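Student: Chains as they are written, first to last, in the working numbering: chain A, 4 to 341; chain B, 4 to 341. Using N, Cα and C, we set each Cβ at its ideal position, and we do this for glycine too. The structure presented is a predicted model; accordingly, all values stated were derived computationally and were not measured.
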DNA sequence: TATAGTCTTGTTACCGGTAACGTGATCGGT
DNA sequence: ACCGATCACGTTACCGGTAACAAGACTATA
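#1: Run down chain A in chain order and give the residues with a C-beta less than 9 Å from the C-beta of residue 74 of chain B.
#2: What residues in the segment 82-97 of chain A bring their beta carbon closer than 9 Å to a beta carbon of chain B?
#3: From residue 121 of chain B to residue 57 of chain B, what distance separates their C-alpha atoms?
#4: Is residue 298 of chain B helix, strand or coil by DSSP?
#5: If we count Cβ pairs, one from each stretch, closer than 8 Å, do we get three or more for the segment 55-72 of chain A versus the segment 88-104 of chain A?
#6: Looking at the strands, I want to know which residues DSSP matches up with residue 333 of chain B.
#7: Going along the chain, which residues of its own chain have a beta-carbon closer than 7 Å to the beta-carbon of residue 23 of chain A, five neighbours each way excluded?
#8: At a CB-CB cut-off below 9 Å, which residues of chain A make contact with residue 102 of chain B?
#9: Does the Cβ-Cβ distance between residue 2 of chain A and residue 277 of chain A come in under 9 Å?
#10: Check for me: the beta strand (DSSP E) holding residue 279 of chain A runs from which residue to which?
#11: Cutting at 8 Å between CB atoms, please list the residues of its own chain near residue 247 of chain A, excluding the five before and the five after it.
#12: Pop quiz: residue 82 of chain A and residue 198 of chain B are said to be a contact at Cβ under 8 Å. What is the actual Cβ separation, rounded to whole angstroms?
#13: Listing by chain order, which chain B residues have their CB less than 9 Å from the CB of residue 53 of chain A?
#14: State the Cα-Cα distance for the pair residue 332 of chain B and residue 170 of chain B, rounded to the nearest angstrom.
#15: Measure how close the beta-carbons of residue 127 of chain A and residue 314 of chain A come, nearest whole angstrom, since I'm counting them as under 8 Å.
#16: Check the C-beta distance from residue 209 of chain A over to residue 297 of chain A and give it rounded, since I have them as a contact under 8 Å.
#17: Which residues in chain A sit within 7 Å of residue 259 of chain B, going by Cβ to Cβ distance?
#18: Return the CA-CA distance between residue 268 of chain A and residue 229 of chain A, expressed in angstroms with no decimal places.
#19: Just to make sure I have the definition right: I need the residues of chain A whose C-beta is within less than 8 Å of the C-beta of residue 57 of chain B. Which are they?
#20: Is the segment 288-307 of chain B in contact with the segment 82-91 of chain B, if contact means three or more CB pairs nearer than 8 Å?
#21: Any chance the segment 278-293 of chain B sits against the segment 252-261 of chain B, with 3 or more Cβ pairs inside 8 Å?
#22: Could one say the Cβ of residue 256 of chain A lies closer than 9 Å to chain B's Cβ atoms, at least one of them?
#23: Using the C-alpha atoms, what's the distance from residue 66 of chain A back to residue 17 of chain A?
#24: Taking the beta carbon of residue 295 of chain B as the centre, do at least 16 other beta carbons fall within 10 Å, making it buried, or is it exposed?
#25: Under 9 Å between the Cβ atoms of residue 235 of chain A and residue 178 of chain A?
#26: Could you give the distance in angstroms between the alpha-carbon of residue 4 of chain B and the alpha-carbon of residue 15 of chain B?
#27: Could you please tell me which residues of the segment 272-296 of chain A, in chain order, have their CB closer than 9 Å to any CB of chain B?
#28: Which bits of chain A does residue 323 of chain B rub up against, with CB to CB less than 8 Å?
#29: When you compare each of A:311, A:327, A:114 and A:335 to residue 91 of chain A by their alpha carbons, which one comes out closest?
#30: Could you give the DSSP three-state label for residue 76 of chain B: helix, strand or coil?
#31: For residue 215 of chain A, which residues of its own chain have a beta-carbon under 8 Å away from its beta-carbon, when the five flanking residues on both sides are left out?
#32: For residue 4 of chain A, which three-state DSSP category applies?
#33: Under 9 Å between C-beta atoms, does residue 111 of chain B make it to chain A?
#34: Please state if the CB of residue 161 of chain A and the CB of residue 190 of chain A are separated by a distance shorter than 9 Å.
#35: Taking Cβ-Cβ distances shorter than 7 Å, what residues in chain B pair up with residue 211 of chain A?
#36: Do the CB positions of residue 131 of chain A and residue 145 of chain A come within less than 9 Å of each other?
Shown next as structure tokens:
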């Protein structure tokens with residue numbers, strides 16, 4: 004049973020002043036005599052006054068709410084970034100409106116519309132479906148926007164990109180420096196920045212090393228939802244190309260599946276074949292054998308905080324479009340690919 | 004550059020009708036002649052009208068926003084539940100305001116206050132710090148509330164609890180049925196419902212089996228933030244009580260650490276010692292050896308959806324306080340504890 | 001044709017705050 | 001003692017919708 008809410012008018016009456024005076028006390032605006040302030044404060048205390056943010060939003064045309072749009076919430080990668088952003092925004096008295104797209108472009112658009120209707124002060128978009136300009140138009144409607152690993156038309160948002168070309172070079176060079184010559188790549192069947200770039204980076208890195216890629220024999224993609232056939236797909240890659248002596252996997256979950264499959268097929272890790280994963284370093288460390296992984300240089304929470312920071316900065320000073328940021332990776336070598 | 008927002012008045016002028024008529028068209032309320040409706044619809048279309056939800060909230064005293072309060076977002080367990088709730092609420096045109104407490108009771112209280120200020124229609128609280136009535140009071144102020152694995156005074160919220168006593172019985176009985184007699188338990192240093200209940204369930208299950216628990220020699224707790232000393236703590240338990248032939252771990256991450264530690268100490272799994280984890284079944288399956296785990300009977304997304312469903316139900320019919328729900332577990336046997 | 005009832009639409013006030021401007025009181029300086 | 005500046009606070013209008021009631025147009029009925 005929610006109690007009836009106390010309004011500013013109630014407080015004003017009780018303290019014997021005008022609404023505006025109360026408002027000024029609350030917002031520390033203008034000059035107020037010490038005695039009046041105290042009287043208002045007392046009245047607020049006594050009545051248990053809590054300001055109605057809805058009304059404030061309407062009057063000020065600022066919501067102190069930020070929309071965050073992610074493909075999935077149950078994914079630790081996104082979860083950590085969201086958490087970092089939420090932390091930072093909380094400290095600055097902003098709330099977050101969280102929506103997940105499930106990778107569905109139509110839903111993604113619907114979400115952007117709803118966020119507009121909610122008049123959020125800005126949005127942070129993570130790894131959006133990369134098919135185009137719908138997102139760019141949506142972002143252009145926002146007061147401020149930060150896009151992480153999402154291709155948008157220049158100017159509509161501050162962009163944060165991970166340098167996947169370099170990260171993949173790191174991975175490939177490490178493997179080749181340790182004698183691997185026949186590398187395979189396993190990715191997801193999704194249409195995102197990271198998905199494209201890592202795949203592209205793989206090509207480039209091989210090319211740089213003077214190798215030519217025979218994609219059908221070296222690369223496989225699997226559905227994001229694992230099923231009983233997941234290992235079969237990986238197995239097919241391994242058997243159709245028995246020479247493979249290293250597998251680069253789009254993320255740790257795939258790497259784990261690869262590890263299972265290799266065990267099933269009696270390929271010893273790392274003697275017969277090396278396995279290298281991406282991103283989920285905490286889990287990578289828990290595996291047996293522990294997985295060599297490419298991981299962001301800074302914690303994912305910090306990425307979220309950075310995004311939030313850039314957003315608020317742009318919100319504070321509308322002229323300053325903050326510069327785009329490139330994030331780099333490091334290689335954490337463990338026994339799956341020494 | 005966000006374009007100037009179109010208001011209902013603009014549409015009304017354009018269509019040559021009153022604001023109320025436009026409002027009625029938008030909300031499908033009252034009778035409107037087909038021609039007028041079409042005229043309004045056309046005007047809305049032409050002007051690109053989008054209703055301002057802030058104003059609507061203020062007028063209707065309903066926000067269509069639900070607060071969700073969790074200890075952590077980067078945790079897959081919570082992430083999946085949030086995702087399920089968000090999915091369900093999205094389908095019913097509700098947005099979620101997400102906050103994480105980091106396990107800090109003070110912050111938890113602050114969050115509840117902010118959510119009140121935001122006039123959310125209801126809140127879902129997950130695994131809140133169990134120390135007491137502050138949360139209960141906060142929930143009592145809400146129009147509707149659902150508490151998951153959180154102790155609150157009866158009536159202030161619809162409660163969802165996991166039956167940890169039974170789940171632990173499942174675990175312990177399985178281990179003993181397979182000849183284990185010296186069980187250990189490793190938990191977290193946190194003050195939550197699940198933390199207490201699993202520990203208590205461990206005691207009870209041993210007692211039921213006719214064993215007496217020697218807590219100092221059988222139980223250990225570790226900080227939630229893993230560090231280099233994590234394995235040391237587990238190692239100390241193992242060496243101080245060499246008889247231990249099974250470890251029950253509060254979650255999969257701890258189980259993984261236990262697995263590492265056992266390997267370091269040359270205890271073979273499962274011959275010398277069995278390891279059993281909780282909850283993160285997806286990860287448990289990826290481990291080597293795969294971990295036996297106690298897992299919820301229904302997917303975690305469904306738990307979130309259930310919570311959201313109960314919340315909306317209560318919101319729709321304020322008299323009906325939905326009944327509390329008890330969730331049960333199943334045992335997924337793998338090779339770490341066959 | 002008068003009358004009541006139904007449809008459709010307009011009017012007014014209000015949700016709970018804030019912006020912008022107005023006003024009386026106090027104050028220092030000459 | 002007069003004047004402008006500053007201080008402390010009040011007034012009015014407005015943010016963009018909706019609730020509640022009023023009112024005109026039209027229909028059916030007697």
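Tutor: This is what the structure holds:
#1: Those do not exist, as residue 74 of chain B stays about 10 Å from chain A at its closest Cβ, beyond 9 Å.
#2: If you check each beta-carbon in the segment 82-97 of chain A against every beta-carbon of chain B, the ones closer than 9 Å belong to 82, 83, 84, 85, 86, 87, 89, 90, 93 and 96.
#3: Within the model, the alpha-carbon separation for residue 121 of chain B versus residue 57 of chain B is close to 11 Å.
#4: Strand, per DSSP.
#5: Verdict: yes, contact present.
#6: DSSP lists B:298 as partners of residue 333 of chain B.
#7: Same-chain partners within the cutoff: there are none.
#8: Those within 9 Å of residue 102 of chain B in chain A are 89, 93, 98 and 99.
#9: A query on residue 2 of chain A cannot be resolved here, the shown segment of chain A reaching from 4 to 341 and no further.
#10: Element bounds for residue 279 of chain A: 277-281.
#11: Here the set comprises 185, 186, 187, 221, 240, 241 and 276.
#12: Not a contact, Cβ separation roughly 21 Å.
#13: Within 9 Å Cβ-Cβ: 116, 119 and 120.
#14: Cα to Cα, residue 332 of chain B sits roughly 6 Å from residue 170 of chain B.
#15: Indeed, because the Cβ distance is near 6 Å, the residues count as touching under 8 Å.
#16: Not a contact, Cβ separation roughly 16 Å.
#17: Here the neighbours are 289.
#18: Each residue's alpha carbon lies about 19 Å from the other.
#19: Neighbours of residue 57 of chain B on chain A, chain order: 57, 60, 61, 66, 121 and 122.
#20: Cβ pair count under 8 Å is three or more, so yes.
#21: Taking a cut-off of 8 Å on C-beta distances, the segment 278-293 of chain B touches the segment 252-261 of chain B, as three or more cross pairs fall below it.
#22: Interface flag for residue 256 of chain A against chain B is set, since a Cβ pair is found closer than 9 Å.
#23: Answer to the nearest angstrom: the Cα atoms are 29 Å apart.
#24: With 16 or more neighbouring CB atoms inside 10 Å of its own CB, residue 295 of chain B falls in the buried class.
#25: At a Cβ-Cβ threshold of 9 Å, residue 235 of chain A and residue 178 of chain A do not count as neighbours.
#26: Bear in mind that a pLDDT of 47 at residue 4 of chain B, under 50, signals an unreliable position, so the number given afterwards is only what the model happens to contain. Approximately 26 Å between the Cα atoms of the pair.
#27: For the segment 272-296 of chain A, the residues whose beta carbon sits under 9 Å from a beta carbon of chain B are, in order, 285, 286, 288, 289, 290, 291, 292 and 293.
#28: Below the 8 Å Cβ cutoff, chain A contributes no neighbours of residue 323 of chain B, its closest Cβ being approximately 14 Å away.
#29: Of the listed residues, the one whose Cα sits closest to residue 91 of chain A is A:311.
#30: DSSP places residue 76 of chain B in the coil class of the three-state scheme, outside both helix and strand.
#31: These residues qualify, in order along the chain: 209.
#32: Any reading at residue 4 of chain A must be qualified, since the residue scores a pLDDT of 47, below 50, and its modelled position is unreliable; the value itself is stated next. It is coil, neither helix nor strand.
#33: No, its Cβ sits nowhere closer than 9 Å to a Cβ of chain A.
#34: Contact flag unset, no.
#35: Here the premise fails: no neighbours, minimum Cβ distance about 32 Å.
#36: Contact: no.
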